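**Q** Quick one: this structure, given as structure tokens, is what I'll be asking you about.
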Amino acid sequence: MKPFREISNLTALIRKYNRQYYTGNVSEISDEEYDALMNRLLFLERENPELRNDDSPTARVGSAPLSSFSTVTHDPPMLSLSNVFSREDFFAFHARIVSELEVDHVEYSVEPKLDGVSLSLVYENSVLVRAGTRGDGVRGENVTENARTIRSIPLKLNSDKPLNVEIRGEVFFMMKNFRKMNRKREGVGESPFANPRNATSGSLRQLDSAVTAGRPLSFIAYATGPYPPGMETQEDFFKKLQLWGFMVNPHNRICTSPEQVTAVYDNLVKARADLPMEIDGMVIKLNSFSRREEVGFLSRAPRWATSWKFHAEEMATTLIGIEVQVGRTGRLTPVARLEPVRVGGVVVTNATLHNQDEVIRKDVRVGDIVLVRRAGDVIPEVVTSLPPEDGIRGEVFRMPDECPVCNGPVVQPEGEVNLYCINPSCEARIRKSLEHWASRKALDIEGLGRKLCEQLVDAGMVRSIADIYSLNYHELTALERMGELRATNLFAALGKSRKSSLSRFLTGLGIPGVGEVASRDTAAEFKNLEALGNATEEELTAVKGIGPITASSIRRFFTNPVTSAVVNQLIKAGFCPIEENTDRGTFLEGETIVFTGTLVMPRQKAKQLAMKAGAKVTGTITGKTTILVAGENVGSKLKKAEKLGIRVVSEEEFLHSISR
């Protein structure tokens, strides 16, 4: 038989046996026979490399090691899920769904929540061309070569016609495969993996895909990017996935009542220890795709789905200390230092205490015996404290009045439980502060994006916001991907930013509670930086929308030695921000506007124009919304606005109304 013909036959046979095994859980041949077919195909392709295709089953063996992973962008983003932890929580979720849809009942797709790593697979003409980890939901790592080694991921879809589709799912270890792999590692003197999830993450992110190929990972599909045409429900989608060659979870269920959902939860709790893979809860989704469109999305999660988590394992240990960490946004988080304890297969030495209110509520003190669990089986947290029998305890914990990193002032914004360092040049938050300072809503410095901000901070060239105005041209052009033209344009943009208004300057400082609207109103009242810096709390609270807590935050920012030094540094860098006596207009005074669809002008610019004309701008349609500005490709907001009788105008009509 000619090599081309034999390679084609072997490829078709191996794909057939893969589909049988992963979609039907059956196999007509033994593992040894399967390996013999694969080895024969490998031999023929080595002898005839011109006949090997990218979607060949031999791609599962691995390719040449990478030096690093490139980045992939998810469109639409891979969103996270909201959580419920009790029947009451779930019934509240259900009540919201039926109320918003104005129906008596809905169907849910209920799926075990796998404890693995999320993965996006992109197919073009039915062939796998890209695989990316979830990352931050928008950007992930390109792990295509590693994904090709996972046998339950089809390299080519079993479809009647070429398909362009994105499939999302979870990479994980079957428990029998995980245990077998650990026994093998121990047999050759290697340390066993602590738990399947961490092993999955490490295996999927190997730069040498041959290492990934040697680890028996599995993949279960459960979602897509855009909904494929011709499908109306999640149930339809699962059937199609199996036809294409994907493995889906056999424990998925369609429920027609909330009582059926709770029954599935109870059954999964009982069966959890006997399932072939680890799960940490179940995912509840509206079955109907059209219903999902009606309910819509939040910025980070769909409103039509939720995750019902299992109760986590709890273990007791001793609290040996409490430290305060400062995050990139300036948020202060108390962290418990613990005597090491194994929780859910992981040794835990630190656990979050969330915030001061939680520490007080739980009455956690150094020296106490505490119960620890991994929230969502991932993040360790202290559940409660068990005081010693002798009643002798440590001191009551109090959050600091100053940032433990920079000694800057700490404030608690109105309506929040968290404390924040308000020093924008704090070492812990300088990257985020610099990115915010350069953003469109603040100083709008073209060319100073997230990656460059990180480069400047990591290189030690910027330690405070003012440092960007004393950058050295030659050092700047030495940075990766920073040529002379780009550097020249950046210096021009920095020079332009020195002439920014007081409202933009104030927005850029990022004082908690002082957003665009509050900055604009405050700047309009005080006109210049000197007057604002000398304003009393009483004078600040007289400004529309500024309450006592925000006024105190502003006053503290301009009088504290650490943060006032930031302002003085910016003044020395050439800033003298004032607010011109411009006619802001009141054409839209009293209106509450929502924008939807694709606009010709940037969305941020449209919002600014609306606010300058006196309107309030929000992101969601409510009973208080008075105008919906609709661009191209509008979604569910238009239907909701029409249903509520809200005035709908085009972008052209909106621009005309503010130019009168």
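Going by numbering that gives the first Met the number 0, the sequence shown opens with residue 0, and the numbers climb by one from there. In this text, a Cβ means the ideal position worked out from N, Cα and C, and glycines have one as well. These numbers were taken from a predicted model, which means no experiment stands behind them.
#1: Decide if the segment 391-398 is in contact with the segment 365-373; the criterion is three or more beta carbon pairs, one per stretch, under 8 Å apart.
#2: Need the endpoints of the beta strand (DSSP E) that F653 sits in, please.
#3: So the candidates are R182, W303, I319, V565; which of them puts its Cα closest to the Cα of E99?
#4: For A130, does the three-state DSSP call read helix, strand or coil?
#5: The beta strand (DSSP E) that contains G168, what's its start and end?
#6: Are the segment 443-458 and the segment 558-578 touching by the rule of at least three beta carbon pairs closer than 8 Å?
#7: If I measure Cβ to Cβ from N406 and keep anything under 7 Å in the same chain, skipping five residues before and after, which residues do I get?
#8: Nearest to T487 by alpha carbon, out of A465, Q259, I444?
#9: Sort out for me which residues DSSP pairs N349 with in a bridge.
#10: Short check: CB of L587 to CB of F504, under 9 Å?
#11: If you compare alpha carbons, which of C402, G482, R439, K639 is closest to S499?
#12: Just reading off the beta strand (DSSP E) that G320 is part of, what are its end residues?
#13: Whole angstroms are fine: how far does the CA of K526 sit from the CA of R290?
#14: Relative to the C-alpha of V371, which candidate in T211, E313, Q411, F236 has its C-alpha closest?
#15: Whole angstroms are fine: how far does the CA of N38 sit from the CA of S46?
#16: Between the segment 151-161 and the segment 108-125, do three or more beta carbon pairs fall short of 8 Å?
#17: Please state the DSSP three-state secondary structure of I577.
#18: In three-state terms, what does DSSP make of N52?
#19: Could you have a look at M481 and say whether DSSP puts it in helix, strand or coil?
#20: Pick out whichever of Q411, V599, I378 has its Cα sitting closest to the Cα of V513.
#21: Report the start-end ranges of each alpha helix (DSSP H) in the segment 515-598 that is 4 residues or longer and not cut off at the edges.
#22: Who are the Cβ neighbours of D582 in its own chain at under 7 Å, not counting the five residues just before and after it?
#23: Got a sec, what are the start and stop residues for the alpha helix (DSSP H) P257 sits in?
#24: Let me check understanding here. Comparing Cα to Cα, which of A146, L43, P601, V593 lies closest to V628?
#25: Between which two residues does the beta strand (DSSP E) containing P379 stretch?
#26: Output yes or no for whether 9 Å exceeds the beta carbon distance between N176 and P191.
#27: With a Cβ-Cβ cutoff of 9 Å, do V247 and H93 count as a contact?
#28: Around the Cβ of P56, are there at least 16 other Cβ atoms within 10 angstroms (buried) or fewer (exposed)?
#29: Which residues share a DSSP beta bridge with G644?
#30: Does the distance from the C-beta atom of L216 to that of F172 stay below 9 Å?
#31: Please report the straight-line C-alpha distance between A146 and T549, rounded to a whole angstrom.
#32: Anyone know if the C-beta pair for T591 and K543 falls short of 9 Å?
#33: Would you mind listing the beta strand (DSSP E) stretches within the segment 152-227 that are 3+ residues and don't spill past its ends, in chain order?
#34: Would you call the segment 189-209 and the segment 235-250 in contact, with 3 or more CB pairs under 8 Å?
#35: Taking just the CA atoms, how far does I278 sit from D88?
**A** Looking at the coordinates:
#1: yes
#2: From DSSP, F653 is part of no beta strand (DSSP E) but of the alpha helix (DSSP H) over 650-657.
#3: W303
#4: strand
#5: 164-172
#6: no
#7: Non-local C-beta neighbours of N406 in its own chain, meaning closer than 7 Å and more than five positions away in sequence, comprise V561, ordered along the chain.
#8: I444
#9: R336
#10: no
#11: S499 has its Cα closest to that of R439, out of C402, G482, R439, K639.
#12: 313-325
#13: 50 Å
#14: E313
#15: Per the sequence presented here, residue 46 reads as Glu, with Ser not at that position. Cα-Cα distance, rounded: 12 Å.
#16: yes
#17: strand
#18: It is coil, neither helix nor strand.
#19: coil
#20: Nearest to V513 by C-alpha distance, out of Q411, V599, I378, is Q411.
#21: 515-525, 528-532, 536-540, 547-558, 560-571
#22: Note that D582 scores a pLDDT of 48, beneath 50, so its modelled location is shaky and nothing firm can be said.
#23: 257-270
#24: V593
#25: Its beta strand (DSSP E) spans residues 378-385.
#26: It is not a contact, given that the beta carbons lie outside the stated cut-off.
#27: no
#28: buried
#29: Answer is none; G644 lacks a bridge partner.
#30: yes
#31: 50 Å
#32: no
#33: 164-172, 216-223
#34: no
#35: Computed Cα separation, rounded: 20 Å.
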